[in-house]
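Below is one structure, written out as structure tokens; the observations come after it.
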Amino acid sequence: MTATVDAGTRRVTTAKAISEGIAQEMRSNPDVFVMGEDVGPYGGIFGSTGGLFEEFGSARIVDTPISETGFIGAGIGAAVEGMRPVVELMFVDFFGVCFDQIYNHMAKIHYESGGNVKVPMVIMTAVGGGYSDAAQHSQCLWATFAHMPGMKVVAPSNPYDAKGLMISAIRDDNPVIFMFHKGVMGLPWMAKNPRSIGPVPEEEYTVPIGKAAIAHEGSDVTVVSVSMSVQHCLDVAEELEGTTSVEVIDLRSIVPLDREAILTSVAKTGKLVIVDEDYKSFGLSGEIIATIADKDPSLLKAPVERVCYPDIPVPYARVLEYEALPTRDKIKAAIAKVTA
Amino acid sequence: MVDNEQRIEFFRQMARIRAYEAALQANYHADKTPQWDIGAGLIPGEMHLAAGQEPVAVGLCANLVKDDAITGPHRPHHLALAKGVDINKMTAEIYGRDTGLSHGKGGHMHLFDPEQHFSCSGIIGQGMPVAVGQAMAFARRGTDNVAVAVAGEGAANQGAFHEALNLAAMWKLPVIFIIEDNDWAISVARDTATPIKDGSLRGTAYGMPSQRVEGNDVEMIYEACKTAVDRARAGGGPTLLEIHTVRLWGHFEGDAQAYRGEELNEAAERDPLPAYEQRLISAGILTEESAAAIKAEAEAEVNAAIEFAKSSPEPKPSDAYLHVFA
Ligand SMILES: Cc1ncc(C[n+]2csc(CCOP(=O)(O)OP(=O)(O)O)c2C)c(N)n1
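First to last, the sequence lines map onto chains A and B.
First residue of the first sequence: 1, per my numbering; consecutive thereafter.
First residue of the second sequence: 1001, per my numbering; consecutive thereafter.
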């Protein structure tokens, strides 16, 4: 569950970690190529393909027109013929224009074919808000993808996991949705938590898909989170050291969900807070609670607290958006409530 | 034919839009220093400005009335202003204030003004079918109103554009599709995104009158739009116009535009505003003084709108939960 490779001392941004992971796979595997809007000379709007065009050129780093159904479908076609495309959907919110290819095709072909056709592709996509990009450019939506069988879904919270998960995703024989929160990318033009820049080994390594990490060990309360919110949870856990012993579980993968890691931690603490920037209802937080209810509700010594995105579209004005977003203060209040 | 009074009005409208975009640009960046942060300042978030594209909005909207509809793209200010959206409410929306068009819920990419039948969307190409539906409503109710869908040339590679064209042509609806070809879709050049040099071919393919308009000239754009709008009002069905214009600034504010290279200097030379001003002065329609007065008036109006926005109250945090359902 914890890192198997010594991270070393080199510190890079999550964006750099992702592009480095892709580059290393491209060097060793000629079947890997990248396709998407502004992935070429621009290097990806959020830097996920920085430097790749310079090394691999336009034959393998392909800028596309704004035709998501077309180029995601093309990714599927290339994948079923044995290539390993990494296709960028610039913001996850744009899934609406291409979800048929994603869900009715990419995710179902392996099953429909009775296991005879594999679709080894990666869709990488930016998620999350916090900078007033409003209703159509700020959602997380991982539960939307996770709800539908056939796709793995990962969402790293730091550079180390991002590189390792990207390499795992490219090598995986299944379609993988790789969701990077804009706030974890370490972008020079967005406020960031220092945790978005961190130690990353130069060599190739994998982080297993479907394995959570104990990001901070503790015994009083379990805080389960994913992606950007993990950074807030870690800030809070460190701040509370000495008063409340907080165990932070970074899910890293949503599909498959590491239910064992959640159950083990809750069995230890008996208290649970879930922090999720995706919509509250019908989503990840409910699934986590159901996991415990299914297995052994008596593990819980107090009602669960959920710090999730309320069931509203993302508003533009900062005061409105921060009313809705998970914040450190809300996480602290939730921890205080379950441990009271 | 365009008369001199109209020419002065065209100039006034274009100067007003330019003053607006310039003021927003200055204000947007003013409080994002020293460490530039997209989420900071009184105007946070993405900002797509339309400097260079004023002739499209002004030439088009001179043919429209209040009850005609526009669905605009993520780069909407020029269209909103030319259509008649209230400058104060729009600016307050961009500042995230309670007095804004949407009480701060929408922001600059999601401006909604039902009075002017104006809306826009940040999802590329997706306003096009909506305009088809507005035209359906007008036709069913027997009005002579028209709906206009405006999008960039990048959007013409999106499926929704093609479906919308086919529907409008099939049902002979009063829709005008306007493609603003500013040569770029973020960093992707038009010529690398489609082999079609003349986008009017796409309208022809769906059996509708179509035209590519070169020159970024407000008078030529006005004439082309007039033909299209008149035809739609008279029940003659849809038109596609691809208008070659120019994106003078970055795709969004903060875009370093390294990908543009030399073309950026050429683009600056294609700025339609000084060109039109000079033309009207040379023709004796404006003088240096009257042109300066028009620009000063525009700046004053824009500054007043920004003052209105800045002095307006923010929404209450709990307002976030309002308006999910009617
Ligand atoms: C469906 C969808 N895909 C991608 C984007 C990201 N995006 C925003 S603006 C833009 C370029 C649009 O180019 P164009 O339509 O030519 O308009 P312009 O920006 O040049 O005005 C892109 C790709 C989006 N908003 N929606």
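Quick reminder that beta carbons are idealized off the backbone N, C-alpha and C, glycines included.
- Residue burial is scored here from C-beta neighbours: S48(A) has at least 16 other C-beta atoms within 10 angstroms and is therefore classed as buried.
- Judged by the Cβ position, A1131(B) fails to qualify as a neighbour of ligand 1 at the 7 angstroms threshold, every heavy atom of the ligand being at least this far.
- Straight-line measurement puts the Cα of V200(A) at about 6 angstroms from the Cα of R11(A).
- Counting of Cβ neighbours within 10 angstroms places E88(A) among the buried residues, the total reaching 16 or more.
- Within chain A, no residue has its CB atom less than 7 angstroms from the CB of I1196(B), the nearest being about 11 angstroms off.
- Neighbourhood of M190(A) in chain B, by CB distance below 7 angstroms: D1037, I1038 and G1039, in chain order.
- The Cβ atoms of W1249(B) and L1081(B) lie no closer than 8 angstroms to each other.
- Between V92(A) and A126(A) a beta carbon distance of about 7 angstroms is seen, short of the 8 angstroms cut, so the two are scored as contacting.
- Taking the C-beta atoms as reference points, L1165(B) is found nearer than 8 angstroms to R1202(B).
- Taking the beta carbon of T69(A) as reference, the chain B residues within 9 angstroms of it are Q1158 and G1159, listed in sequence order.
- If the five residues before and after G43(A) are omitted, its C-beta is found closer than 6 angstroms to the C-beta atoms of T49 and G50, all from its own chain and listed in chain order.
- Taking every protein chain shown into account, the CB of F282(A) has fewer than 16 other CB atoms within 10 angstroms, so this residue is exposed.
- What K1105(B) touches in chain A, judged by beta-carbon distance under 9 angstroms, is A134, A135, P313, P315, Y316, A317 and L320, going in chain order.
- For E37(A), the nearest CB of chain B lies under 8 angstroms from its own CB, placing it at the interface with that chain.
- The shortest CA-to-CA distance from Q1126(B) to any of E1115(B), A1296(B) and A1151(B) is the one to A1151(B).
- Within chain B, the residues whose beta carbon sits less than 9 angstroms from that of F94(A) are I1123 and I1124, listed in sequence order.
- Under the three-state reduction of DSSP output, P1055(B) falls in the helix class.
- Put simply, the backbone Cα of L1060(B) is about 14 angstroms away from that of P1076(B).
- Counting every other CB atom within 10 Å of its CB across the protein chains shown gives Q1035(B) a total below 16, marking it as exposed.
- A302(A) carries a coil assignment under DSSP once its states are collapsed to helix, strand and coil.
- DSSP places S229(A) in the uninterrupted alpha helix (DSSP H) bounded by M228 to E239.
- Pairwise C-beta distances place the segment 290-298 of chain A out of contact with the segment 1292-1301 of chain B, as fewer than three of them are shorter than 8 angstroms.
- Q101(A) counts as buried, since no fewer than 16 other beta carbons sit within 10 angstroms of its beta carbon.
- Between the C-alpha atoms of E239(A) and A1135(B) there is a straight-line separation of about 58 angstroms.
- Every unbroken stretch of the alpha helix (DSSP H) spanning 4 or more residues and falling wholly within the segment 1253-1308 of chain B is given here in chain order: 1263-1269 and 1272-1282.
- Closest by C-alpha distance to I1008(B), out of E1021(B), L1280(B) and A1019(B), is L1280(B).
- In the assembly as shown, R1141(B) is an exposed residue. Its beta-carbon has fewer than 16 other beta-carbons within 10 Å.
- For L1081(B), the secondary structure class from DSSP, reduced to helix, strand or coil, is helix.
- Short note on A1151(B): C-beta closer than 7 angstroms to some heavy atom of ligand 1.
- For F1308(B), same chain residues with a beta-carbon under 6 angstroms away, outside a window of 5 residues either side, are N1088 in chain order.
- By the neighbour-count definition (other C-beta atoms within 10 Å, threshold 16), P1044(B) is a buried residue.
- Bridge pairing for M179(A): T125(A) [DSSP].
- Contact annotation: P85(A) and G75(A) have beta-carbon atoms nearer than 8 angstroms.
- I1179(B) sits close to A1156(B), with the two beta carbons spaced by under 8 angstroms.
- Listed by position along chain A, the residues whose Cβ is nearer than 7 angstroms to that of A1185(B) are I66.
- Look at I1017(B) here: in three-state DSSP terms it is helix.
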